[in-house]
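Enquirer: Just passing along the structure, written as structure tokens.
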Amino acid sequence: MKDHTNEVSGRGLSSLDRSNLDLETPEKPYLDSNELIINMGPQHPATHGVLRVILKLDGEKVLGTECVIGYLHRGVEKIAENRTYTMFNPYVDRMDYVAAVSNGLGYCEAVEKLLNVEAPPRAKYIRVILTELNRIASHQLWLGTHALDIGAMTPLFYTFRDREEILKIFERYCGARLTTHAFRIGGCQYETYAGFEKEVKNFLAFFPPKIDEYEALLTGNRIWIERTKNVGVISAADAIALGVTGPVLRASGVKWDLRKAQPYAAYSEFDFEIPIGTNGDTYDRYMVRMVEMRQSLRIIEQAVNGIPEGPIMGKVPKVIKPPVGEIYHSIEAPKGELGYFIVSDGSTQPYRIRVRPPSFVNLQALDIMVRGLLVADVVAVIGTLDIVLGEVDR
Amino acid sequence: MLNQFTSYLGSNLTPGTANNQLWALIYVLIIFAGVSVAVMAMNWLERKALAHFQIRLGPMRVGPHGLLQPFADALKLMLKEDIIPAEADQFVFWVAPLIGLLASFTVYTVIPFGPSQAVSDMNIGILFMLGVSSLGVLGIVVAGWASNSHYPLIGALRSSAQMVSYEVAMGLAVVSAILMTSFNETGTGTLSMIGIVQSQQQQGIWFIFKFFPLGLIAFAIFAIAMVAETNRAPFDMAEAESELTAGYHTEYSGLRWSLFMLAEYAAMIAVSAIAVTLWLGGWMRPFPNLLHAPAWDFLFSLFPGLTFLGLAAIALIGTARMPSHSFFRIQRIGLAVFAALLGIIALLLLVIAVAGRSADASLAARFNEGIGYVYWFVLKVAVFMYLFIWYRATWPRYRFDQLMKIGWKVMLPISLGVLMVTAIVGVLVK
Amino acid sequence: MVPITTFHYLVVAAALFVLGVIGVLTRRNVVIVLMSIELILNAVNLNLVAFSRMWGNLNGQVFSIFVTVDAAAEAAVGLGILIAFFRNRETINVDEIDLLKW
Amino acid sequence: MNPVLNSGMAPVATPWFFYVLGGLAVASGVAVITRRNAVHAALALIVTLLSVAGLYLMLYAPFVAGVQIIVYAGGIMVLFLFVIMLVNIERSSKERRFNRMWPVGLAAACALMALFVSAIVKGKTVLTDPRTGQALWPDIIAKLPESSNTQQIAGMLYGEAGRMGQYTFAFEIASLLLLVAILGAVIMTKKKI
Numbered sequence: 006m007k008d009h010t011n012e013v014s015g016r017g018l019s020s021l022d023r024s025n026l027d028l029e030t031p032e033k034p035y036l037d038s039n040e041l042i043i044n045m046g047p048q049h050p051a052t053h054g055v056l057r058v059i060l061k062l063d064g065e066k067v068l069g070t071e072c073v074i075g076y077l078h079r080g081v082e083k084i085a086e087n088r089t090y091t092m093f094n095p096y097v098d099r100m101d102y103v104a105a106v107s108n109g110l111g112y113c114e115a116v117e118k119l120l121n122v123e124a125p126p127r128a129k130y131i132r133v134i135l136t137e138l139n140r141i142a143s144h145q146l147w148l149g150t151h152a153l154d155i156g157a158m159t160p161l162f163y164t165f166r167d168r169e170e171i172l173k174i175f176e177r178y179c180g181a182r183l184t185t186h187a188f189r190i191g192g193c194q195y196e197t198y199a200g201f202e203k204e205v206k207n208f209l210a211f212f213p214p215k216i217d218e219y220e221a222l223l224t225g226n227r228i229w230i231e232r233t234k235n236v237g238v239i240s241a242a243d244a245i246a247l248g249v250t251g252p253v254l255r256a257s258g259v260k261w262d263l264r265k266a267q268p269y270a271a272y273s274e275f276d277f278e279i280p281i282g283t284n285g286d287t288y289d290r291y292m293v294r295m296v297e298m299r300q301s302l303r304i305i306e307q308a309v310n311g312i313p314e315g316p317i318m319g320k321v322p323k324v325i326k327p328p329v330g331e332i333y334h335s336i337e338a339p340k341g342e343l344g345y346f347i348v349s350d351g352s353t354q355p356y357r358i359r360v361r362p363p364s365f366v367n368l369q370a371l372d373i374m375v376r377g378l379l380v381a382d383v384v385a386v387i388g389t390l391d392i393v394l395g396e397v398d399r
Numbered sequence: 071m072l073n074q075f076t077s078y079l080g081s082n083l084t085p086g087t088a089n090n091q092l093w094a095l096i097y098v099l100i101i102f103a104g105v106s107v108a109v110m111a112m113n114w115l116e117r118k119a120l121a122h123f124q125i126r127l128g129p130m131r132v133g134p135h136g137l138l139q140p141f142a143d144a145l146k147l148m149l150k151e152d153i154i155p156a157e158a159d160q161f162v163f164w165v166a167p168l169i170g171l172l173a174s175f176t177v178y179t180v181i182p183f184g185p186s187q188a189v190s191d192m193n194i195g196i197l198f199m200l201g202v203s204s205l206g207v208l209g210i211v212v213a214g215w216a217s218n219s220h221y222p223l224i225g226a227l228r229s230s231a232q233m234v235s236y237e238v239a240m241g242l243a244v245v246s247a248i249l250m251t252s253f254n255e256t257g258t259g260t261l262s263m264i265g266i267v268q269s270q271q272q273q274g275i276w277f278i279f280k281f282f283p284l285g286l287i288a289f290a291i292f293a294i295a296m297v298a299e300t301n302r303a304p305f306d307m308a309e310a311e312s313e314l315t316a317g318y319h320t321e322y323s324g325l326r327w328s329l330f331m332l333a334e335y336a337a338m339i340a341v342s343a344i345a346v347t348l349w350l351g352g353w354m355r356p357f358p359n360l361l362h363a364p365a366w367d368f369l370f371s372l373f374p375g376l377t378f379l380g381l382a383a384i385a386l387i388g389t390a391r392m393p394s395h396s397f398f399r400i401q402r403i404g405l406a407v408f409a410a411l412l413g414i415i416a417l418l419l420l421v422i423a424v425a426g427r428s429a430d431a432s433l434a435a436r437f438n439e440g441i442g443y444v445y446w447f448v449l450k451v452a453v454f455m456y457l458f459i460w461y462r463a464t465w466p467r468y469r470f471d472q473l474m475k476i477g478w479k480v481m482l483p484i485s486l487g488v489l490m491v492t493a494i495v496g497v498l499v500k
Numbered sequence: 002m003v004p005i006t007t008f009h010y011l012v013v014a015a016a017l018f019v020l021g022v023i024g025v026l027t028r029r030n031v032v033i034v035l036m037s038i039e040l041i042l043n044a045v046n047l048n049l050v051a052f053s054r055m056w057g058n059l060n061g062q063v064f065s066i067f068v069t070v071d072a073a074a075e076a077a078v079g080l081g082i083l084i085a086f087f088r089n090r091e092t093i094n095v096d097e098i099d100l101l102k103w
Numbered sequence: 006m007n008p009v010l011n012s013g014m015a016p017v018a019t020p021w022f023f024y025v026l027g028g029l030a031v032a033s034g035v036a037v038i039t040r041r042n043a044v045h046a047a048l049a050l051i052v053t054l055l056s057v058a059g060l061y062l063m064l065y066a067p068f069v070a071g072v073q074i075i076v077y078a079g080g081i082m083v084l085f086l087f088v089i090m091l092v093n094i095e096r097s098s099k100e101r102r103f104n105r106m107w108p109v110g111l112a113a114a115c116a117l118m119a120l121f122v123s124a125i126v127k128g129k130t131v132l133t134d135p136r137t138g139q140a141l142w143p144d145i146i147a148k149l150p151e152s153s154n155t156q157q158i159a160g161m162l163y164g165e166a167g168r169m170g171q172y173t174f175a176f177e178i179a180s181l182l183l184l185v186a187i188l189g190a191v192i193m194t195k196k197k198i
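Chains as they are written, first to last, in our numbering: chain D, 6 to 399; chain V, 71 to 500; chain C, 2 to 103; chain E, 6 to 198.
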């Protein structure tokens, strides 16, 4: 086991050129080493949707992988070109459907930047609260499915039980649980409902013991540690070279979080920490996300206590017609850097929208992370990358 | 025929030893039916218990509290189309589930539910049991190969390597228990399953407590290896659904698939029965030597009846707690009937316990005795069954290389060491 | 029916032995050749046990256990050679294993 | 079926059992050497081995039967199947089954069979044991104590009552042989150690 991980982490940037990433094995010591090519997916329980991974195996050892994506492609970016800015807003919810609020936040902020308007402070606070709640929900779903991939069935049900509390808040706020469409360009559509603050505070009290419960099941579990420690290691240099962001990057020891690095919304007003890992293995990524959930609670607590009064909608024209120009705005979605590149030709419809989805970029790291590991680790690594195929394929 | 039927009734030998083919057949049928029912019950219990571990309700629709779910499942599986892949090896594909099933059911011929409550008392009982249960792997390997598909093949390779590896540690743990049978006056041990329990009775100690902690360690080794042998979580490498979709039975469907499930559950019960026989005193009730007075005997003989009474009470409480909506009327009646059925069984058992309390050779007394043996044996096995479910609910899955590492580098040396130390201690104590 | 005596067992054993010999001499697939050898060893075992029963002492049974040990060792080494060979030549046919080297 | 026989050790060795098991053993033995597909051959061999185990039971050799099941059917045959799956048989299943010299082999085997038949038949009728004057394999069946079979074999292998057994030394050698075989197999099979 050890030599595999060394092999992977010892790879410098030179290993990233294309000749090493394709499916041909570099050396072939014997005439026949019984290579087996199997399709993992698109219908496979552990590929989180419709990812298809072509695995080249020697026995159970992975010699190479190739991801085939596009099974969930809906042409979201192309659709944008035929919709007005407002009409496109709900579509972004359908990309990373487990973190729809973050998607909406990124899009709204990008268009606001293009329009040169700013959301009022109260709207920003509401946005932060909902986004952080959504981050927790996303991490919960990740934790449940990741644990299920590694064979622990039970955490899935616990996380879904607790995620329900967040979804209830979403539902009462905007009427939808999953694809919320919570924000509008220029602020928020809805004022918080009566009892919103109380419910959020209830959740703040309710959730920390639940995280302890998940950790009791997994963190110290010998099998969990054996399955995740030194599995899917990616060095900081490799991670940066591949453009990996989010918890995957932070677990490799790079302190890079857009909430701190380029504060957006109201994040500069809050006090929170960015957890980082050291080894860049699956266990570190797990720990980073667990700590992130607690940090999100901290942010929510500060936001809900300091939420200012005031309007929730900025001064946005009735017809949104941004000036000619282009803008790139990115936020820290639960899975990493979610960026929107919008080109405006001055009309009511964007000329081009390009989304930089974190899952898609992070998925590139799969090959370098699983080479030399076993089939079971591929499943663990796909889980730890926390990909959502709706976002990868768009 | 009638002569053969009646001549056995007074005997205290197993039908195999008494060479009574008729009763052997009756026992085989009873055991076959019993195991099938136990598998069905286990199926329901596993789904229910697992559901409650996971804050779900589990099956609730088919029958009150899903009690009829196993029957519905069985019916559905029987009616389901039986698909054989075009590229599969037809004959081998067809025969593979039967091999597994045959292996796991053949084992039951030597399992002693009581001193005479077994089909046969073989001289090589435990050896036969290990041998036949190791044949079960053939069914898995052959199924994976015959499917002519990659995931089943990987599952089959994993499974064969895993079961062959864990058999070694398992065998050594068994040997150390067999060694303990020889620490008596004559110095001769036994491989017979009945003999092993009887020698625990003679030595006045369950082997799990013998030479503490040696027996316990050997038992622990066996208890771990048996989970691996039956391909259950956390060692369910062969059918790891998140990795290999369903492992060796990916291509199977319908009745043939259900035969695999039947074989797996039957094998689980069988290995648990081995563990109970070797370390936990088999059919013996707690403290048979210490609390030997007839009053104690009577008290312990009440247990089966009281257990059923308790189950009946639970069912009754469930009936009372059902919502009083008209939708639930049939379910309510069903559960009430079920409770009444359990209550009648409980009453019957209590009546037998009272009628057979004298230790004479009357039929009631023998019946009472037999029920006691089977009850304690089944109770001990049931604990293991619950453990199997518990493991599955709690633990993630090991990776294949870690599994092999544990098998060869941890369990094997420990079991070898325990075997040696047991031998040395046995000689020294003597 | 004729009672079963040693003679009957010897006939079965002889048949198995000859089948094994035919397999060894005629088949090309090494795996099946090895299986045929197992068949031969089993025939020998059957003989040993039958004679042990005939004379009423257990030496034959003990011998058959030794033969089983030998068969296990033979199978392990034989299959090891087979795998090593397959890896180098991609064939498992005996008549292609004729170079005495690789 | 006679209730009188119910007490004591009645013969399990009914001819019917023998003919079924013997027939099964020989028939599946034929399948072993004729099947094109190695997995089918292995399955047939398993049937043979189990039938032979049944014959051992009829010969009151339960321990040998147990060893046969656990070692042969459970161990060696799983190894065989494992190896068959590792080596690619798709090609070999399309090739010739028998080598070019198969008529010679068959003739030699037939000659061997003839030798066996003559030896067996003569041993039953013509040849006699010079010491006893009996036929070489008489119809006598010695009573072997089935119930203590294992203990007696253990006595011969390990010794009893402080004495070394008749075969203790041979047994140790055999275990050494196994060790060497394990090492050899590992060294040959591993790509790099």
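Ideal Cβ placement from N, Cα and C applies to all residues, glycine included.
Around the C-beta of serine 204 of chain V, are 16 or more other C-beta atoms found within 10 angstroms, so that it is buried, or is it exposed?
Expert: When all chains shown are included, serine 204 of chain V counts as buried.
Enquirer: Using CA atoms only, rank isn't needed, just tell me which of V:Val98, V:Val109 and V:Pro134 is closest to arginine 402 of chain V.
Expert: For arginine 402 of chain V, the nearest C-alpha among the options comes from V:Pro134.
Enquirer: At what residues does the beta strand (DSSP E) containing threonine 70 of chain D begin and finish?
Expert: First-last of the beta strand (DSSP E) with threonine 70 of chain D: 66-73.
Enquirer: In the structure shown, what three-state DSSP assignment does lysine 146 of chain V receive?
Expert: Reduced to three states, the DSSP call for lysine 146 of chain V is helix.
Enquirer: Locate the alpha helix (DSSP H) running through tyrosine 288 of chain D, then write down its first and last residues.
Expert: Unbroken alpha helix (DSSP H) run through tyrosine 288 of chain D: 287-310.
Enquirer: Count the CB pairs spanning the segment 344-358 of chain V and the segment 288-301 of chain V that are closer than 8 Å, and state whether there are at least three.
Expert: As far as the Cβ criterion goes, the segment 344-358 of chain V touches the segment 288-301 of chain V, which means the pair count is three or higher.
Enquirer: Could you check where the alpha helix (DSSP H) with isoleucine 400 of chain V kicks off and where it finishes?
Expert: Note, isoleucine 400 of chain V: alpha helix (DSSP H), 399-425.
Enquirer: Could one say the Cβ of isoleucine 33 of chain C lies closer than 8 Å to chain E's Cβ atoms, at least one of them?
Expert: Yes, isoleucine 33 of chain C counts as interfacial toward chain E.
Enquirer: Along the chain, where does the alpha helix (DSSP H) containing proline 316 of chain D start, and where does it finish?
Expert: Careful: proline 316 of chain D lies outside any alpha helix (DSSP H) and carries neither H nor E.
Enquirer: How is tyrosine 333 of chain D classed by DSSP in three states: helix, strand or coil?
Expert: In this structure, tyrosine 333 of chain D counts as strand in the three-state DSSP scheme.
Enquirer: For glycine 57 of chain C versus leucine 40 of chain C, is the C-beta distance shorter than 8 Å?
Expert: Contact: no.
Enquirer: For glutamate 44 of chain D, report the span of its beta strand (DSSP E) as first-last.
Expert: The sequence shown places asparagine at residue 44 of chain D, not glutamate. Per DSSP, asparagine 44 of chain D belongs to the beta strand (DSSP E) from 40-45.
Enquirer: Can you tell me whether valine 107 of chain V is buried or exposed? The criterion is at least 16 other CB atoms within 10 Å of its CB, across all chains shown.
Expert: So valine 107 of chain V counts as exposed.
Enquirer: If we call anything under 8 Å between Cβ atoms a contact, is alanine 105 of chain D one with threonine 184 of chain D?
Expert: Yes, the pair counts as a contact, with Cβ atoms nearer than the cut-off.
Enquirer: Find out if the Cβ-Cβ distance for the pair phenylalanine 408 of chain V, glycine 426 of chain V is shorter than 8 Å.
Expert: No, they are not a contact pair.
Enquirer: With respect to the beta strand (DSSP E) encompassing leucine 62 of chain D, which residues constitute its N-terminal and C-terminal limits?
Expert: First-last of the beta strand (DSSP E) with leucine 62 of chain D: 57-63.
Enquirer: Relative to the C-alpha of tyrosine 291 of chain D, which residue among D:Leu138, D:Ile216 and D:Ala128 is closest?
Expert: Of the candidates D:Leu138, D:Ile216 and D:Ala128, the one whose C-alpha sits nearest the C-alpha of tyrosine 291 of chain D is D:Ile216.
Enquirer: Only counting the same chain, and skipping five residues up and downstream in sequence, which positions put a Cβ closer than 7 Å to that of tyrosine 112 of chain D?
Expert: Excluding positions up to five away in sequence, the list reads Asn94, Val97 and Tyr345.
Enquirer: Going by Cα to Cα distance, which pick from V:Ser323, V:Tyr468 and V:Tyr443 is closest to tryptophan 164 of chain V?
Expert: Checking every option, the nearest Cα to that of tryptophan 164 of chain V belongs to V:Ser323.
Enquirer: Under three-state DSSP, which class holds valine 131 of chain E?
Expert: Note: valine 131 of chain E maps to coil in three-state DSSP.
Enquirer: Measure the Cβ-Cβ separation of glycine 237 of chain D and leucine 378 of chain D and say whether it is below 8 Å.
Expert: Contact flag set, yes.
Enquirer: Taking CB distances under 8 Å as the criterion, tell me whether valine 44 of chain E reaches chain V.
Expert: So, interface residue.
Enquirer: Would glutamine 145 of chain D be called buried (16 or more neighbouring beta carbons within 10 Å of its own) or exposed?
Expert: Glutamine 145 of chain D should be labelled buried.
Enquirer: Using 8 Å as the threshold, is the C-beta distance between histidine 151 of chain D and glycine 388 of chain D below it?
Expert: In contact: histidine 151 of chain D and glycine 388 of chain D (Cβ atoms closer than 8 Å).
Enquirer: Report the three-state DSSP secondary structure of valine 205 of chain D (helix, strand or coil).
Expert: Helix, per DSSP.
Enquirer: Alpha carbon to alpha carbon, how far is threonine 320 of chain V from isoleucine 187 of chain E? Give it in angstroms, no decimals.
Expert: When rounded, the distance between both Cα atoms is 34 Å.
Enquirer: Return yes when the Cβ of valine 180 of chain V is within less than 8 Å of the Cβ of phenylalanine 58 of chain V, no when it is not.
Expert: Limits of chain V in this structure are 71 at one end and 500 at the other, which puts residue 58 of chain V out of reach.
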